[in-house]
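Participant:
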Amino acid sequence: MKRYDTVVVGGGIIGVSLAFELRRRGQSVLVLDRQQPGREASWAAAGTISPAPDHESLGIAALGCESYRLYPEFAAAIEKASGESAGFHPNGAMELFFDPDNESERDRRVEEIQNHDVAAEAISLAEAKVREPAIGSATRATLWIRDEAYLDPRMITHVAIAAALKTGVEMRGNSDVLSVLVERNQCSGVLVADAERNRAGRLEIRTGEKIAAHNAVIAAGWRSGEIGGVESHAPTIPVRGQMVALGKVSGAPRTILRSSLGYMAPREDGRTVVGSTLESGAAEKHTTAAGVQKILNAALTMAPGLASAPILETWAGVRPDSPDHLPIIGPTNVEGLFIATGHYRNGMLLAPVTAKYLAEWITTGKPSAWFEPFSPLRFAAASDAFTAGEGPKKGHF
Ligand SMILES: Cc1cc2nc3c(=O)[nH]c(=O)nc-3n(C[C@H](O)[C@H](O)[C@H](O)COP(=O)(O)OP(=O)(O)OC[C@H]3O[C@@H](n4cnc5c(N)ncnc54)[C@H](O)[C@@H]3O)c2cc1C
């Protein structure tokens, strides 16, 4: 039986970027995905690449800045390997404030962003209207963030997949990983469901297929915690987010706009994507009347010229959150078993930093200080029981 250096479970932006980096460092790599790779959170994201932390993401501020610094190099590498454009646009972003006394709030925010070494400045309303004529008359104060980019998550995930494949990564869809295989506290691979649908349309597991590997990395997004042997290291929590895509109109913004109401980002083809909702515990991928109403209200307050835009698409995706809302990245207490998940609202931003430094750690054995605050061991119970050759454990069939 072929033994891979590393099997990566999950073909989202995190898993495929990591697979690409591992392969570039000479490893044999297999990516397994329970569906078609790139069709989960990484397909649903808005695509703002924003190192400026808000009050909820202060814990990843340094990691986010490092990832933003790495982005041009990462985009160039996957473009070179795939022959396709990654569509990374570092054009900046504008934050809008609507209350009459919001200048002091804006100034506090500028200071907060600058304190994290992200280039930002307060700008007058007149200047804001020149930079972004789409902003609405309800705007009372504005700030400009130079260090921010937009991209199309579906496009860059596709390009990262193509780059990984061209570099020699093997990839298998429809491969639902049930559990990690462990022998004498050393990871020996993963167990994939060999399943078929019964007449009622439900999947029935017949047997499991063992895939042998020296290392396994669990990058299965919000479902990571369902995989047998990983639950205590990656107790992921689903958080649904809804999105709306609006068609090209003359009043559409050219840059990212953000406010306390929501955010919007342009696409290369003139569409505007608007989001979002934060619905903890919701994993059903449908939009709701209230969700879409909230998003459209935000859109029309920030950029009223979008009122005539056709609604092209609505969708929902599920973010991988963790109990402390921080990513879960690094080795576990099982030799060769690594986790790369919990990127929550920032997985598109954090893909380059996760892929580069985790690949370095796996291939050299040298720990990365970048991941110290994000260790999977912070969740793992002392009594964590791993047994050799564990069988199917998951409950979602
Ligand atoms: C509405 C919305 C807007 C967002 N906007 C942004 C944004 O603007 N900027 C930003 O940085 N981030 C954003 N995010 C967050 C970002 O999308 C995620 O953090 C990121 O996509 C996570 O990537 P991932 O590879 O970990 O997970 P995923 O993309 O979910 O990939 C995980 C993969 O694992 C597979 N899998 C799951 N279980 C198994 C199993 N048992 N066996 C095999 N395969 C399995 C899945 O099929 C999937 O393909 C947004 C998210 C949402 C939902």
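Numbered according to numbering that gives the first Met the number 0, the sequence shown spans residues 0 to 396. For glycine and all other residues, C-beta sits at the position ideal for the given N, C-alpha and C.
1) Count the other CB atoms within 10 Å of the CB of Val129; is the residue buried (16 or more) or exposed (fewer)?
2) Which runs of the alpha helix (DSSP H) at least 4 residues long sit entirely within the stretch 71-128? Give them in chain order.
3) For Trp221, which residues from the same chain have a beta carbon less than 6 Å from its beta carbon, with the 5 sequence-adjacent residues on both sides left out?
4) Distance, Cα to Cα, Pro322 vs Ser249?
5) What is the DSSP secondary structure of Ser187, counted as helix, strand or coil?
6) Nearest to Met0 by alpha carbon, out of Gly261, Ser187, Gly14?
7) For the putative contact between Thr166 and Arg24, defined by C-beta atoms under 8 Å, what is the C-beta separation to the nearest angstrom?
8) For Ile170, list the residues DSSP reports as bridge partners.
9) How long is the line joining the alpha carbons of Pro265 and Arg253, rounded to whole angstroms?
10) Take the Cβ of Ala45 as the centre, count every other Cβ of all protein chains shown within 10 Å, and call the residue buried at 16 or more, exposed below.
11) So, at 8 Å on beta carbons, what are the nonlocal neighbours of Thr313 in its own chain, with the 5 sequence-adjacent residues on each side left out?
12) Grouping DSSP H, G and I as helix and E and B as strand, with all else coil, what is Ala244?
13) Using 8 Å as the cut-off, classify the Cβ of Tyr343 as near or not near the heavy atoms of ligand 1, replying yes or no.
14) Am I right that Val8 and Ala233 are in contact with their C-beta atoms under 8 Å? What's the rounded C-beta distance?
15) Looking at Phe378: is its Cβ nearer than 9 Å to the Cβ of Trp360?
16) In chain order, what residues of the same chain have a beta carbon less than 7 Å from the beta carbon of Lys355, not counting five sequence neighbours either side?
17) Just the Cα atoms here: how many angstroms apart are Lys293 and Thr206?
18) Tell me which residue opens and which closes the beta strand (DSSP E) that Tyr3 is part of.
19) Please classify Ala358: does DSSP put it in a helix, a strand, or coil?
20) How is the alpha helix (DSSP H) around Glu20 delimited, first residue to last?
21) For Ala368, is the classification buried or exposed, using 16 other Cβ atoms within 10 angstroms of its Cβ as the cut-off for buried?
22) Using three-state DSSP, classify Thr300 as helix, strand or coil.
23) Here's the rule I'm using: 16 or more other beta-carbon atoms within 10 Å means buried, otherwise exposed. How should Ser382 be labelled?
24) I need the DSSP call for Ile226, collapsed to helix, strand or coil.
25) Of all the options Pro375, Ser56, Ser27, which has the alpha carbon lying nearest to the alpha carbon of Ser223?
26) Could you work out which residue in Ala92, Ile160, Gly228, Gln26 is closest to Ile13 when comparing CA atoms only?
27) In the DSSP assignment, find the unbroken alpha helix (DSSP H) run with Trp42 in it and report its ends.
28) Any contact between the stretch 273-282 and the stretch 294-305? By contact I mean 3 or more CB pairs, one from each, below 8 Å.
29) In chain order, what residues of the same chain have a beta carbon less than 8 Å from the beta carbon of Ile134, not counting five sequence neighbours either side?
30) Based on Cα-Cα distance, which residue from Leu177, Ser81, Tyr262 lies nearest to Met154?
Facilitator: So, to answer that:
1) Here residue 129 refers to the residue found at position 130 of the sequence shown. Counting C-beta atoms within 10 angstroms of its own C-beta, Val129 has fewer than 16 neighbours from the protein chains shown and is therefore classed as exposed.
2) Runs found: 102-113.
3) Sequence index remark: in the sequence shown, residue 221 carries index 222 (1-based). Within the same chain, Trp221 has close Cβ partners Thr235, Pro237, Val317, Pro319.
4) The residue you call residue 322 lines up with position 323 of the sequence shown. The residue you call residue 249 lines up with position 250 of the sequence shown. Using only the alpha carbons, I get a separation of about 43 Å.
5) The residue labelled residue 187 in the question sits at position 188 within the sequence shown. DSSP places Ser187 in strand when its eight states are reduced to three.
6) Along the sequence shown, read from residue 1 onward, the residue named residue 0 stands at position 1. For Met0, the nearest C-alpha among the options comes from Ser187.
7) Position 167 of the sequence shown, counting from 1, holds the residue named residue 166. Position 25 of the sequence shown, counting from 1, holds the residue named residue 24. Not quite, the Cβ-Cβ distance comes to about 11 Å (not below 8 Å), so this is no contact.
8) Position 171 of the sequence shown, counting from 1, holds the residue named residue 170. Looking at the sequence itself, residue 170 is Met, so the reference to Ile does not match. Bridge partners of Met170: Val30.
9) Residue numbering aside, residue 265 sits at position 266 when the sequence shown is read from its first letter. Residue numbering aside, residue 253 sits at position 254 when the sequence shown is read from its first letter. About 6 Å.
10) Start at 1 with the first residue of the sequence shown, and residue 45 comes out as number 46. Buried.
11) Locating residue 313 in the sequence shown gives position 314, where the first residue counts as 1. Residues of the same chain with a CB within less than 8 Å of the CB of Thr313, apart from the 5 flanking positions on each side, are Gln241, Met242, Val243, Ala244, Thr286, Val291 in chain order.
12) Working through the sequence shown from its first residue, we reach residue 244 at position 245. In the structure shown, Ala244 sits in a strand (DSSP, three-state: E or B).
13) Indexing the sequence shown from 1 puts residue 343 at position 344. For ligand 1, at least one heavy atom lies less than 8 Å from the Cβ of Tyr343.
14) Taking the sequence shown and counting its residues from 1, one reaches residue 8 at position 9. Taking the sequence shown and counting its residues from 1, one reaches residue 233 at position 234. About 11 Å separates the CB atoms of Val8 and Ala233; that is not less than 8 Å, and the two are not in contact.
15) The sequence position of residue 378 within the sequence shown is 379, counting from 1. The sequence position of residue 360 within the sequence shown is 361, counting from 1. No; because the gap between Cβ atoms is not below 9 Å, this pair is not in contact.
16) Working through the sequence shown from its first residue, we reach residue 355 at position 356. Hits under 7 Å: Glu20, Leu69.
17) Looking up residue 293 in the sequence shown gives position 294. Looking up residue 206 in the sequence shown gives position 207. Lys293 and Thr206 have their C-alpha atoms roughly 46 Å apart.
18) Counting from one through the sequence shown, the residue named residue 3 turns up at place 4. In the DSSP assignment, Tyr3 falls within the unbroken beta strand (DSSP E) covering 2-8.
19) Stepping through the sequence shown from its first residue, residue 358 is reached at position 359. In this structure, Ala358 counts as helix in the three-state DSSP scheme.
20) By one-based count along the sequence shown, residue 20 stands at place 21. Its alpha helix (DSSP H) spans residues 12-23.
21) The residue labelled residue 368 in the question sits at position 369 within the sequence shown. It is exposed - the Cβ of Ala368 has fewer than 16 other Cβ atoms within 10 Å.
22) Counted from its first residue, the sequence shown places residue 300 at position 301. Here Thr300 carries a helix assignment [DSSP, helix/strand/coil].
23) Start at 1 with the first residue of the sequence shown, and residue 382 comes out as number 383. Model confidence at Ser382 stands at a pLDDT of 40, short of 50, so the residue's coordinates are unreliable; what they give is reported in the following sentence. Only exposed fits Ser382, as fewer than 16 other CB atoms lie within 10 angstroms of its CB.
24) Your numbering for residue 226 matches position 227 in the sequence shown. In the structure shown, Ile226 sits in coil (DSSP, three-state: anything other than H, G, I, E or B).
25) The count along the sequence shown starts at 1 and reaches residue 223 at position 224. Here the closest residue by C-alpha is Pro375.
26) The sequence position of residue 13 within the sequence shown is 14, counting from 1. Comparing Cα positions, the closest option is Ile160.
27) Working through the sequence shown from its first residue, we reach residue 42 at position 43. Taken as a continuous stretch (DSSP letters only), the alpha helix (DSSP H) holding Trp42 covers 40-43.
28) Yes, since at least three Cβ pairs between the stretch 273-282 and the stretch 294-305 fall closer than 8 Å, the two stretches touch.
29) One-based indexing of the sequence shown puts residue 134 at position 135. The residues are Met93, Leu95, Ala127, Lys128, Thr141, Pro252, Leu256, Met301, Ala302.
30) By one-based count along the sequence shown, residue 154 stands at place 155. Closest in C-alpha terms to Met154, from the list Leu177, Ser81, Tyr262, comes Ser81.
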